[in-house]
Amino acid sequence: MSTSIRYTLRHMLRGGGKTVLAILLALLLTAAVGRLDSLRQHYEALSRSVLIQGSVLGGLTVYRAEKLAAAEEVKDYYLEESWQDCLYLTEKADRPDEASFVLYYTSDYTKTTDANVEWLDGWDGESFQKTTKMVCLMPRELAEHSELVLGDRIHIAEAGYGSKTYMNHPEMTADEIIALWKRNVSPTTVVGLVSETNVSSRLWLPIHGMDQYSTMFPGLKVETAIYTLRDYRDVQPFREYFMEETSREKGNPSLYLDTAEADRIRKMANLLSTLYPIALGVALLLGAVLPGLMVLQNSRETAILRVLGMSRRKVCAMLTGEQVLLCILGLILGVAAAFFLGAGWELTYPGLHLAACLIGSIVFAWVSTGKDLLSLLQAKE
Amino acid sequence: MNALTLDNVSYTYPGGTTPVVKSASCNFETGKIYAVVGPSGSGKSTLLSMLAGLDIPQEGDVILQEENLKNLDLDKYRREGVSIIFQAFCLLPLLTVRENVSLPMEMQGIPEADARQRAAEALVKVGIEESKHKRFPSALSGGEQQRVAIARSLCSGAPVLLADEPTGNLDGENTRIVMDILRRLAHEEGRCVIVVTHDPEVAEAADLILRMKDGVLTAE
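Protein chains in written order, with the working numbering: chain A, 764 to 1144; chain B, 13 to 232.
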């Protein structure tokens, strides 16, 4: 073993407080930065997978709902039982409310009907979408029950029409109510018969303004949906869609998003993302400067070695070697400590710290060995 | 026989205009002890620095046994040509007394075991008993520490021994002991000992007194 290695090892082993301090420095910085990094990664992962709970309080415009879907902000959304607007066929009933068949209204008929529509001659999906005439699609089951065929003209009333009219005009008979209704409501032509399709493929969208029905249909008062965000950072634009809708609704918000937990996670993720590079920089700076200062503290010993005839390069190597060895020891302990704190075996920071220590030690060792030897040695201890 | 020669040496600090050492010339012979005296700021330390190979004169030459310092590896010169004793002892605090003494020998390539053996002998020679060889310097008195520093110089085998105020931190008794050892090194072992000092008593123990004043070196 060469003299310089022997000297370095002796110096390390007998360094006492300085040795412990150097090891502790690397240990604590590695453990702290490792823990911070793991927390940052944890919160970033959490913010990507967080569930936002929302409640649909009213209807959405078709436009808004389509935009929401098109924006792909929502990964796995559903608006189940969004609405089933109960419209009543009254021609076959004694009173309007007794004909409790349901017509499904949807703005996106292609998803519900697709190829399962039997069209009246001259009609198809495109003309149906673009028409300004009073037309409707009707479930085949309902048509058969009502003995209707394609091209028949029917009168459709909104839910509760008969009841409301009856309550307001108890003197009126059912026939009179129906007559009144027929005068007020334009007939609608049945242009398509819809077969039942795969329920799971349906996208029922609430139609703007349907909140007015909420008192009549308890099932429509509040609809709940859970949105799994692809990336938490998309929460804000996602929410803005709803805020825009809310302002239009004037105090009747379309959707309430419970983002309290998500906000907390986002804040923490943002804080850690900001803090981490700063902490990394400070830690690396300390990792470079503190070993360097320890090297400078040994300036007098350095001067003695130089006066005894050790070359500047060899003294620099010894000083650097000592700090690097202590640093490696500290880093090993630090990585182990970080692992037990839940950081995993992350070796990026230890590598950077070692590099910082190496650079700092070399620079300060070169400075230390370049000092005026005589003035260092003439000074009293 | 000349151990070290100063030949018309001048030195001006970088940025300075006035030389702190002016055309100093002197032959330092083996087996003699020299004292360089003079007031503070007279250039004694600069002269010592050049003799130790820590500074190179801008003019003139320092010659070690016919070898000009300008042509020598200065690290090797300090390892083998010259040895220095300081007022503040300058022992390595984390090495034991014996390790301090054996280190320069190990740096010269002498095997560790041999170096330790010779260090122990040198320490005994300067009056440091064996029980203290494994102690750290801080456990020794000032006089003992200075004797360890002398033992270190002794072991280096350097023909020239420079001493910068070697008794500045010592009491009268220890001053006498240290000067006895230095005289012995010069007269019995044939070393050339150059002592820089303020102390007239130390100077009187020298074979030749050199006076430094305003950068000019003169023999008394």
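For each residue, glycine too, the CB sits at the ideal point set by N, CA and C.
- Looking from the CA of residue 190 (chain B), the closest CA among B:201, B:178, B:199 and B:121 belongs to B:178.
- Here the segment 105 to 121 of chain B lies against the segment 772 to 785 of chain A, with 3 or more beta-carbon pairs under 8 Å apart.
- For residue 185 (chain B), the enclosing alpha helix (DSSP H) has its first and last residue at 184 to 199.
- With at least 16 other beta carbons inside 10 angstroms of its own, residue 901 (chain A) counts as buried.
- Bridge pairing for residue 955 (chain A): A:882 and A:900 [DSSP].
- Beta-bridge pairing by DSSP links residue 38 (chain B) to B:18.
- If you look at residue 1024 (chain A), you'll find it isn't in any beta strand (DSSP E); it sits in the alpha helix (DSSP H) that goes 1023 to 1060.
- Closer than 8 Å to the CB of residue 119 (chain B) there is at least one CB belonging to chain A.
- Just so you know, the alpha carbons of residue 890 (chain A) and residue 881 (chain A) end up roughly 14 Å apart.
- Residue contact with chain B for residue 1131 (chain A): absent (no Cβ-Cβ distance below 8 Å to any residue of chain B).
- The beta carbon of residue 175 (chain B) sits closer than 6 Å to the beta carbons of 97 and 207 from its chain, once the five residues preceding and following it are set aside; these are given in chain order.
- For residue 225 (chain B), there are no neighbours in chain A by C-beta distance under 7 Å, as the nearest C-beta there is about 20 Å away.
- Counting only residues of its own chain and dropping the five nearest sequence neighbours on each side, residue 1086 (chain A) has a CB closer than 7 Å to the CB of 785, 1054, 1057, 1058, 1120 and 1124.
- Secondary structure within the segment 78 to 144 of chain B: the beta strand (DSSP E) runs of 3 or more consecutive residues, fully enclosed, are 94 to 98 (chain order).
- Per DSSP, reduced to three states, the secondary structure at residue 74 (chain B) is strand.
- The straight-line gap separating the alpha-carbon atoms of residue 55 (chain B) and residue 791 (chain A) is approximately 50 Å.
- Between residue 1079 (chain A) and residue 789 (chain A), the C-beta spacing is not below 8 Å.
- An exposed status is given to residue 932 (chain A), since fewer than 16 other beta-carbon atoms sit within 10 Å of its beta-carbon.
- For residue 768 (chain A), the enclosing alpha helix (DSSP H) stretches over residues 766 to 776.
- Each of A:1072, A:898, A:1102 and A:1030 was checked against the Cα of residue 121 (chain B), and the nearest Cα belongs to A:1072.
- Taking a C-beta distance under 8 Å as the contact criterion, residue 45 (chain B) and residue 205 (chain B) qualify as a contact pair.
- In chain order, 112 place their CB closer than 6 Å to the CB of residue 104 (chain B), counting only its own chain and leaving out the 5 sequence neighbours on each side.
- Shown here, residue 146 (chain B) sits in coil according to DSSP, grouped into three states, outside any helix or strand.
- The straight-line gap separating the alpha-carbon atoms of residue 31 (chain B) and residue 25 (chain B) is approximately 7 Å.
- Assignment of residue 25 (chain B) by DSSP, reduced to helix, strand and coil, places it in the coil class.
- By the rule that beta-carbons nearer than 8 Å mark a contact, residue 178 (chain B) does not touch chain A.
- For residue 45 (chain B), the enclosing beta strand (DSSP E) covers residues 45 to 49.
- Straight-line measurement puts the Cα of residue 48 (chain B) at about 9 Å from the Cα of residue 231 (chain B).
- For residue 29 (chain B), the number of other beta carbons within 10 angstroms of its own is below 16, and it is reported as exposed.
- Assigned with DSSP and collapsed to three states, residue 225 (chain B) falls in strand.
- Under the Cβ criterion of 8 Å, residue 1141 (chain A) is counted among the residues facing chain B.
- Leaving aside the five residues that flank residue 168 (chain B) on each side, the residues in its chain whose CB is nearer than 6 Å to its CB run, in chain order, 95 and 116.
- Within the DSSP bridge table, the entry for residue 209 (chain B) names B:49 as partners.
- Residues 1124, 1125 and 1128 of the same chain have their beta carbon placed closer than 6 Å to that of residue 1083 (chain A), with the five preceding and five following residues left out of the count.
- Residue 1077 (chain A) counts as buried, since at least 16 other C-beta atoms from the protein chains shown sit within 10 angstroms of its C-beta.
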